[in-house]
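A short write-up of the structure that comes next.
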Amino acid sequence: MMGTCQMNRLGVWLLCLLLLYGSINKSTALSPDGEALLNFRSAVVGSDKILSHWRPEDPDPCGWKGVTCDASKSVIYLFLSYLKLSGSISPDLGKLEHLRILSLHDNNFYGAIPSELGNCTELQGIYLQGNYLSGLIPSELGNLSDLQNLDISGNSLSGSIPPSLGKLNKLVTFNVSANFLVGAIPSDGVLSNFPESSFTGNKGLCGKQINAACNGGPSTNPLSPASAQSQGVKKNSGRLLISASATVGALLLVALMCFWGCFLYKKFGKNDTKGFAININGGASVVMFHGDLPYSSKDIIRKLETLNEEHIIGCGGFGTVYRLAMDDGSVFALKRIVKINEGFDRFFERELEILGSIKHRHLVNLRGYCNSPTAKLLIYDFLSGGSLDEALHERSEQLDWETRCNIIVGAAKGLAYLHHDCSPRIIHRDIKSSNILLDGNLEARVSDFGLAKLLEDEESHITTIVAGTFGYLAPEYMQSGRATEKSDVYSFGVLVLEVLSGKRPTDATLIEKGLNVVGWVCIN
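Read left to right, the sequence shown gives residues -29 to -1, 1 to 495 (mature numbering (1 follows the signal peptide of the UniProt record, and there is no 0)).
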C-alpha cells in the first residue's frame, strides 16, 4: 500500500513537471509576429545596437523598440523612423496580419518596396518617405482597402503609378513626389482628388492632376522601369532638358556612392578597409588658404594616408567625412568628394578658391584642400558640438530657449552672408538641421555651403540641380528645380519651426494626420 502511494505521488510530481515544462516551453516560444520582425531585423544594416533589445527568447515583441501591440499581443504599429537604419525591407513584414501603421521614413533603406505588404489588409498608414527605395510601386498596395495615408516620396522609385491605387477609397493623404516616376497619372478613382504637390518632382509624369497633357493619350498600364522611363521621356521630350537630367542623375549617383560606402562599412566593419582608406598615389597638391597652420604639405599628406574606416564620422550626399587628428592635437574634419565628370579637376580648384576666401563667424571654415588623381579632399575646422539635428533629436539633455534662439540667429547670419555679402552670391540649396554645426559653446555655423556647385556640369552650365532634403524643400523648388535665395529662406523657415517645436519636418505624429511641420503650424 505504501509503495502504491509513493508511486502515485511520483506520478503526480512527474505530471506537474511535464505541465510546468510545457508552460515554460510555450511561454518562451516567440510569437509568429516576433519571428517576422526578427527576419526583418536580419535584413537591416546597423540594427545590432539600435534594435539590440529585439531578442528571440522573448515570448512576444510587444516590449521591443518601435513596436506596439494590441490586447491580443498582435503587432499593430511599427515606428522605426529617423534611426539611420539601412538595408532592404524584408518581405516578412507581410506576415504581420494586424499591422495598421508602418513607419520607416527618413532612414537609408534601399531596394524594392515588398509587394507582400499587400497582405497586411488592416494597414491604415504607410510612411516610407526619405529613403533610397527603388523599383516599381507594387500594384498589390491596391489591396489595402483600409489604407488612409501613403507617403513614399523622396525615394528613387521608377515606372508608372499603378491604377490599382485608384481603388483606395479611404485614402486621405497620398504623396509620391521627388521620385523618378513616369507615364500618365491614373485619372479614375481617388487619385484624381489629390493636388499637384502629391506628384511634383517626377518630370516624367503627366495627367490632369499636374496640368500636363499626355501626348498620344493616357496610359496607365504598369511598365518596366526601363520601358516606362523611355516612354515617359518620349512623351515629355519637349519639356525636359537633357543636360539637367544628366546633372540630376550625377548628383544622385554621388549620393548613392557615398551611401553604398557607408553601407559596406556598417556591413563588413573593420574586415575590409580598402574602400575607405585615403589613397594618394602621387601628384597630390595641398593648398591651405589662410596660412595660419604650422603644417607642411608633406605632413598633411602623411596624415591623410593614415585615414581609414575607423576615422569616419559621417556620410552625406556630398561625400564621406573623416576625423583628421594632427600630431600637435589639433583636429579637423575631412570631407572626401567624389569626382563626377572629366572637367572636374580644374572646376574643383577654381570653385574652392572662392569658398576658401569666405570667412564668417557663423560659417564652417574651409581651411584648405588636397587634390590628387585619386582623391578630392576638403579640410574644415572640426566642431565639437556636433550637429543641430543631433542636439534636437538624439540627446537626452534638451536645449534651453535662449540657446535655441541664439542658434537660429547665428544660422540666419551665416545664410544672410552667403546671400548678400559673397561675390558671387552663394545659394546653399540644402539648409537643414544636420547642416547646422555647433561649436563647444553651442554657437551655430552653417556647413556644406557651395558644395552643390561643385557637383554641377561645367560644360552645360546647369544651375538647377535638385539638391536638398525632402521636408525642407520649397514647393516651387521641387516643381521647377530652380534654386534661388527664396528657396533657401523657405528651408530656413522650416528649420526655425523644427527648432521651436522640437519636431522634424516630417514628424511621424504629424504624418499620421496628413501634415508636415509647416501644415501643422498653419492650423494651430
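Each residue gets a CB set at the ideal place from its N, CA and C atoms; glycine is no exception.
Every value quoted in this text rests on a predicted model; they were computed, and no experiment measured them.
query	result
Identity of the residue in Ser116, Phe353 and Arg294 nearest Ser135 by Cα	Ser116
Three-state secondary structure assigned by DSSP to Leu486	coil
Beta-carbon spacing of Ile271, Val257 below 8 Å	yes
Where the beta strand (DSSP E) through Ile97 begins and ends	Gly96 to Tyr98
Counterpart residues of Lys306 in DSSP-defined beta bridges	Val292 and Leu349
Sequence-distant residues of the same chain with beta carbon closer than 7 Å to Leu9, five excluded per side	Trp25 and Pro27
Beta-bridge partners of Met259, as assigned by DSSP	Gly339
Option in Asn406, Arg12 and Thr480 with minimal Cα separation from Leu466	Asn406
Opposing strand residues paired with Val16 [DSSP bridges]	Ser57
Expected contact under 8 Å - CB spacing of Lys306 and Val292 to nearest Å	5 Å
Other residues of its chain near Gly490: CB distance less than 7 Å, five sequence neighbours each side excluded	none
Cα-Cα separation between Thr477 and Pro265, rounded to whole angstroms	45 Å
Cβ separation of Lys179 and Ser158, assumed to be a contact under 8 Å, to the nearest whole Å	6 Å
Distance between Gly421 and Ala346 (C-alpha atoms, nearest Å)	19 Å
Boundaries of the beta strand (DSSP E) in which Ser105 is found, first to last residue	Tyr103 to Gly106
Inter-residue Cα distance where the pair is Phe50 and Asn279	34 Å
As assigned by DSSP and simplified to three states, the class of Leu139	coil
Cα-Cα separation between Gly246 and Pro166, rounded to whole angstroms	Below a pLDDT of 50, predicted positions are generally treated as unreliable, and Gly246, at 47, falls in that range; no measurement from the model is reported.
Limits of the unbroken alpha helix (DSSP H) element including Leu466	Glu456 to Ser472
Leu70 versus Leu88 - alpha carbon distance	10 Å
Residues near Met297 in its chain [Cβ-Cβ closer than 7 Å; skip 5 each side]	Tyr266 and Lys274
Bridge partners - Ile407, DSSP secondary structure assignment	Val417
Given Leu128 as reference, the closest of Pro344, Asn412 and Gly172 once Cα atoms are compared	Gly172
C-beta contact flag for Ala255 and Asn342 at 8 Å	yes
Simplified DSSP state of Phe441, which is helix, strand or coil	coil
Ala(-1) in three-state terms, based on DSSP	coil
Top-ranked residue by Cα proximity to Lys330, from Glu361, Val417 and Phe319	Val417
Gly5 and Asp29 closer than 8 Å at C-beta	yes
Short Cβ contact (8 Å threshold) for Gly356 with Gly339	no
Neighbour-count burial assignment, Val380, 16 or more Cβ in a 10 Å radius	exposed
For Tyr388, the three-state DSSP class (helix, strand or coil)	helix
Chain-order list of residues whose beta-carbon lies under 8 Å from that of Leu118 (same chain, five-residue window excluded)	Leu94, Gln95, Gly96, Ile97, Leu112, Leu139, Lys141 and Leu142
Pick from Gly82, Asn79, Ser52 and Ala83 that is closest to Leu73, judged by C-alpha positions	Ser52
Distance between Ile108 and Phe151 (C-alpha atoms, nearest Å)	11 Å
Those residues which DSSP pairs with Asn79 across a bridge	Ser57
8 Å Cβ shell around His390 - same chain, five flanking residues per side excluded	Arg396, Ile397, Ile398, Glu456 and Asp459
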